[in-house]
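Residue numbers (this note's numbering), protein chains in the order written: chain A, 369 to 605; chain V, 369 to 605.
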């Protein structure tokens with residue numbers, strides 16, 4: 369039986385950090401959803417860049433750059449952060465530099481982890497099946513919003529933790545994991561309606577279409593298992 | 369309508385900090401419960417001390433000292449942190465210096481707040497009635513365990529937030545407040561059984577009696593409203 373923990377914010381990551389854990393990054397609205405969508409659309413790899421400066425450098429080096437801050441496309445970027453922008457026409461067989469407000473910072477913080485996976489609702493079952501088949505100490509790392517707790521990342525962490533504990537291969541003694549599971553069980557039958565109240569969703573409603581939010585809250589649209597290695601995110605399968 | 373936020377950890381406090389908020393400190397197991405119990409038992413005031421060094425200085429200055437670290441009484445202290453130790457015989461009309469692993473640090477961090485209140489399950493209604501009668505921007509500050517999220521403080525925050533929003537005088541746009549409320553609504557009909565799974569409760573079980581934990585999870589045993597001013601905690605009423 370392997371332990372599961374959930375970290376609610378990048379500001380808490382150092383309390384959970386340990387190089388022998390598998391870290392699963394979650395940023396539902398929208399970084400990890402978009403990374404899964406990009407890989408599913410055929411992108412060869414993703415170069416996650418944490419700062420705006422690094423995104424600009426990537427652009428100067430010739431990368432296609434997808435980058436926003438607080439929901440707005442950076443002026444030098446090719447396109448923004450929403451998953452629907454990562455079409456096969458734009459990304460197939462290409463390397464995309466990607467930078468966001470929260471998610472790519474979390475990836476940067478955790479890049480020393482033994483294994484770093486990218487999870488979202490759209491690849492939930494694929495992530496759960498992989499982790500159930502390869503039990504290992506697990507940290508589900510919610511990217512949050514500017515270091516604050518958010519509901520949508522927490523629900524995804526709860527969905528993963530619940531499935532893995534049900535598999536019999538994992539256990540938890542971590543209060544944030546227990547809370548995430550209970551919130552997931554409350555929300556799972558109507559995720560979109562439950563998340564109507566979430567603050568970040570309201571924030572994004574002014575910036576992105578409802579259809580993007582609906583996509584980000586859809587379960588199991590792809591079987592990709594994006595993982596980070598040597599500076600890039602690729603598909604494991 | 370006044371806003372409510374919940375901060376899950378001292379490590380996140382700077383994200384919520386603002387001098388114009390009323391900050392409500394919550395450390396159910398056991399700091400804020402014990403402060404309420406001490407005031408209810410007739411203590412004139414409490415001197416919260418954050419560090420072990422400051423607790424030792426208070427002892428040298430002649431204060432009665434109640435102090436633990438990780439559930440163990442400090443060797444120079446007069447007694448420990450459990451609420452049952454604050455008997456009228458020990459504390460009536462006296463000033464008690466009090467230091468704990470989590471709660472007194474949170475008090476220290478928030479001492480610049482416009483108003484700083486001490487809440488627990490044992491004075492829940494008194495706190496709720498006061499805040500419903502005096503609506504003001506509110507931050508419910510969970511002390512956590514060594515900067516990690518914990519369930520018992522979160523449930524108490526949820527109980528306060530739920531009652532105040534029901535009063536019609538408050539609202540929230542804060543995801544951690546929404547999560548706290550949902551967890552409270554799940555747990556409220558059997559708090560003790562719900563918290564059986566909490567990690568800190570299991571940790572404390574090896575150190576303190578079940579009766580102490582049961583006391584800390586009891587609702588509305590006293591009407592005291594402890595508040596911090598000029599270095600000391602006193603009763604508002």
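Glycine is no exception: its CB is placed at the ideal position from the N, C-alpha and C atoms.
Taking a contact as a CB-CB distance under 8 Å, the pair residue 426(V) and residue 465(V) counts as one, their CB atoms being some 4 Å apart. Shown here, residue 593(V) sits in coil according to DSSP, grouped into three states, outside any helix or strand. In this chain, the alpha helix (DSSP H) harbouring residue 382(A) covers 381 to 384.
Residue contact with chain A for residue 517(V): present (Cβ-Cβ distance below 9 Å to some residue of chain A). Every alpha helix (DSSP H) of 4 residues or more that sits fully in the segment 441 to 499 of chain V is shown, in chain order, as 456 to 459 and 471 to 477.
Of all residues in the segment 480 to 500 of chain A, none places a beta-carbon less than 9 Å from a beta-carbon of chain V. By the CB criterion at 9 Å, residue 378(A) and residue 525(A) fall outside the cutoff. Identification of residues in the segment 442 to 457 of chain V having a C-beta nearer than 8 Å to some C-beta of chain A yields an empty set. At a cut-off of 9 Å between beta carbons, residue 401(A) makes no contact with chain V. The C-beta of residue 376(V) comes closer than 9 Å to at least one C-beta of chain A. In the three-state DSSP reduction, residue 534(A) falls in the helix class (H, G or I). Among the bridge pairs identified by DSSP, residue 552(A) is matched with none. Runs of the beta strand (DSSP E) lying entirely within the segment 389 to 449 of chain V, each at least 3 residues long, are 390 to 394, 413 to 416 and 432 to 437 in chain order.
By the criterion of at least three beta-carbon pairs nearer than 8 Å, the segment 481 to 490 of chain A is in contact with the segment 583 to 595 of chain A. For a cut-off of 8 Å, the C-beta gap from residue 417(V) to residue 507(V) is around 22 Å, too long to register as a contact.
For residue 371(A) and residue 541(A), the gap between their C-alpha atoms comes out near 8 Å. In this structure, the beta-carbon distance from residue 601(V) to residue 396(V) does not fall below 9 Å. Residue pairing by DSSP puts residue 372(V) in a beta bridge opposite 506(V). Neighbours of residue 380(V) in chain A, taken as residues whose beta carbon is under 9 Å from its own, are 376, 377, 379, 380, 515, 516 and 517 in chain order. Judged by DSSP in its simplified three-state form, residue 588(A) adopts coil rather than helix or strand. Just measuring C-alpha positions, the residue of 480(A), 478(A) and 458(A) sitting nearest residue 405(A) is 458(A).
Excluding five sequence positions before and after residue 399(A), the CB atoms of its chain that fall closer than 7 Å to its own CB belong to 449, 468, 470, 471, 472 and 511, given in chain order. Bridge pairing for residue 582(V): absent [DSSP]. For residue 496(A) against residue 531(A), the beta-carbon gap comes to about 4 Å, under 8 Å, which counts as contact. Bridge partners of residue 602(A) according to DSSP: 595(A). Residue contact check for residue 389(V) against chain A: no CB pair falls below 9 Å. Shown here for residue 441(A): same chain residues with a beta carbon closer than 6 Å to its own, the five before and five after excluded, namely 448 in chain order. Between residue 478(A) and residue 509(A), the CB-CB gap stays under 9 Å. Residue environment: residue 443(A) is assigned as exposed (fewer than 16 neighbouring CB atoms within 10 Å of its CB, all protein chains considered). A direct Cα-to-Cα measurement between residue 514(A) and residue 429(V) gives close to 44 Å. Think of a sphere of 8 Å around the beta carbon of residue 535(V): no beta carbon from chain A falls inside it, the nearest being about 19 Å out.
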